[in-house]
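In short: position in the sequence shown from 1, add 1, done, that's my numbering.
Ideal Cβ placement from N, Cα and C applies to all residues, glycine included.
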Amino acid sequence: MKRVLTVQDISCLGKCSLTIALPVISALGAETVILPTAVLSTHTMFKNFTCKDLSDQIAPITAHWKSEGVKFDAIYTGYLGTIEQIDMIKAIFRDFRGEDTVIFVDPVMADNGKLYPAFDMDYVKKNAELCAGADIVVPNITEAALMTGMDYREEYGVDYIKELLRRMGELGARVNVITGVSLEKGKTGVMGFERGSGDYYVYQNDRVNASYHGTGDLFSSACVGEIMKGRDWRDAMRIAADYTAHTIEVTLSSADKPWYGVDFEATLPELIEMK
Ligand code: PXL
């Protein structure tokens, strides 16, 4: 069985980060090992959330794993807290990377042209370093613009996204994918670039007019799970994009929809069957 390590916070209530990655990757058939970087009472869209940083646990936990000779088929990082944590994670990449390990980085730090409140430009630089050491990176447009020093645009064409991807490629990852890319009215999806071959890949599905917390984590977790099933990154992105859009639709049509996250629990059986 494939073994995935996912490193991100655990928001006890809120359906994001580890509370999505663990069930989704497990449901897709891989053993999911977690390294919680912080424990929050809820995600940061709630008011008055509590947060306990767990940075001091990273070294002892990973030292124990090292003594057990553990290796991972994939290491997937999502929302992290601090620059120091990113340095620790770079060490994890070095220590637990086998020849075929897929390092998947979702540099969660910004959206809609703005950094999330906890972060600054030093954090952006550090995330660019983390991306440089990855095989696959999946920033949104804001994150890619911040890491490459390009302007963030709300209105754009395919050439702007290609330039963002090319510059992301210069940071160093083999596969660069930008999420939340809308190349036609009423559509949204992803555009990817493989550095070695120079190939671009575009996938667009119908835009669902709602934005929910945790959908980026749902997309990334589904991608990682599909890649562990042996799928090519393009197929993994397509399935993950369809699954995320479908889950938003199902959530919108549910009578008791939660405002803080999507009902991925209802759609997981479909994800398992998607091809
Ligand atoms: O979904 C990304 C995410 C994960 N974890 C926490 C967050 C967010 C997004 O804001 O606040 C704590």
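Helix, strand or coil: which one does DSSP assign to residue i?
{"i": "Tyr204", "result": "strand"}
{"i": "Glu32", "result": "strand"}
{"i": "Pro118", "result": "coil"}
{"i": "Leu165", "result": "helix"}
{"i": "Cys17", "result": "coil"}
{"i": "Ser254", "result": "helix"}
{"i": "Thr268", "result": "helix"}
{"i": "Arg235", "result": "helix"}
{"i": "Asn177", "result": "strand"}
{"i": "Thr83", "result": "coil"}
{"i": "Arg4", "result": "strand"}
{"i": "Pro61", "result": "helix"}
{"i": "Pro24", "result": "helix"}
{"i": "Val40", "result": "strand"}
{"i": "Asp88", "result": "helix"}
{"i": "Ala211", "result": "coil"}
{"i": "Val138", "result": "strand"}
{"i": "Val182", "result": "strand"}
{"i": "Asp243", "result": "helix"}
Does the beta carbon of residue i fall short of 6 Å from some heavy atom of the ligand PXL?
{"i": "Arg218", "result": "Inspection of the sequence shows that residue 218 is occupied by Asp rather than by Arg. Answer for Asp218: yes, Cβ within range of the ligand PXL."}
{"i": "Val109", "result": "yes"}
{"i": "Tyr261", "result": "no"}
{"i": "Gly181", "result": "no"}
{"i": "Thr248", "result": "no"}
{"i": "His44", "result": "yes"}
{"i": "Cys13", "result": "no"}
{"i": "Asp101", "result": "no"}
{"i": "Leu41", "result": "yes"}
{"i": "Asp10", "result": "yes"}
{"i": "Gly173", "result": "no"}
{"i": "Ser221", "result": "no"}
{"i": "Tyr80", "result": "yes"}
{"i": "Ser198", "result": "no"}
{"i": "Cys224", "result": "no"}
{"i": "Gly114", "result": "no"}
{"i": "Ser56", "result": "no"}
{"i": "Gly215", "result": "yes"}
Compare the C-alpha of residue i against each of the options and name the closest.
{"i": "Tyr153", "options": "Cys132, Asn128, Ile179, Glu171", "result": "Ile179"}
{"i": "Phe105", "options": "Glu156, His247, Val176", "result": "Val176"}
{"i": "Ala242", "options": "Arg208, Glu171, Leu147", "result": "Arg208"}
{"i": "Pro140", "options": "Leu172, Ala119, Pro118", "result": "Leu172"}
{"i": "Phe220", "options": "Thr248, Asp200, Arg232, Leu166", "result": "Thr248"}
{"i": "Asn206", "options": "Phe97, Gly190, Ala133", "result": "Gly190"}
{"i": "Asp57", "options": "Glu266, Phe47, Asp88", "result": "Asp88"}
{"i": "Asn210", "options": "Ser254, Trp234, Lys230", "result": "Ser254"}
{"i": "Gly158", "options": "Met238, Thr20, Ile142", "result": "Ile142"}
{"i": "Glu164", "options": "Glu250, Tyr261, Arg196", "result": "Arg196"}
{"i": "Lys188", "options": "Ile11, Val203, Asp160, Ala174", "result": "Val203"}
{"i": "Met169", "options": "Ser198, Ala129, Tyr261, Ser183", "result": "Ala129"}
{"i": "Gly79", "options": "Thr20, Glu155, Tyr201, Asp236", "result": "Thr20"}
{"i": "Ile93", "options": "Asn113, Val71, Gly114, Asp123", "result": "Val71"}
{"i": "Thr245", "options": "Ser198, Ser222, Ala133, Pro259", "result": "Ser222"}
{"i": "Glu185", "options": "Gln86, Glu144, Glu156, Met110", "result": "Glu156"}
{"i": "Met148", "options": "Asp160, Val182, Ala111, Ile137", "result": "Ala111"}
{"i": "Ser27", "options": "Ser12, Ile11, Leu6, Asp233", "result": "Leu6"}
Would you mind giving the Cβ-Cβ distance between residue i and residue j, rounded to the nearest angstrom? I have them listed as a contact below 8 Å.
{"i": "Val40", "j": "Arg4", "result": "Not quite, the Cβ-Cβ distance comes to about 23 Å (not below 8 Å), so this is no contact."}
{"i": "Ser42", "j": "Leu23", "result": "Rounded, the Cβ-Cβ distance is 18 Å, inconsistent with contact."}
{"i": "Val8", "j": "Thr38", "result": "6 Å"}
{"i": "His214", "j": "Cys17", "result": "6 Å"}
{"i": "Gly217", "j": "Asp107", "result": "7 Å"}
{"i": "Ala60", "j": "Gly226", "result": "That pair is no contact at about 28 Å."}
{"i": "Phe73", "j": "Phe97", "result": "5 Å"}
{"i": "Lys127", "j": "Ile84", "result": "5 Å"}
{"i": "Ala174", "j": "Ile137", "result": "6 Å"}
Under DSSP, the beta strand (DSSP E) around residue i begins and ends at which residues?
{"i": "Tyr77", "result": "73-78"}
{"i": "Asp54", "result": "52-54"}
{"i": "Gly190", "result": "188-195"}
{"i": "Arg98", "result": "98-106"}
Counting along the chain, where does the alpha helix (DSSP H) carrying residue i start and finish?
{"i": "Gly226", "result": "216-229"}
{"i": "Thr143", "result": "142-149"}
Taking only heavy atoms of the ligand GTP into account, decide whether any of them is closer than 6 Å to the Cβ of residue i.
{"i": "Cys17", "result": "The ligand GTP is absent from the structure shown, which contains only the ligand PXL."}
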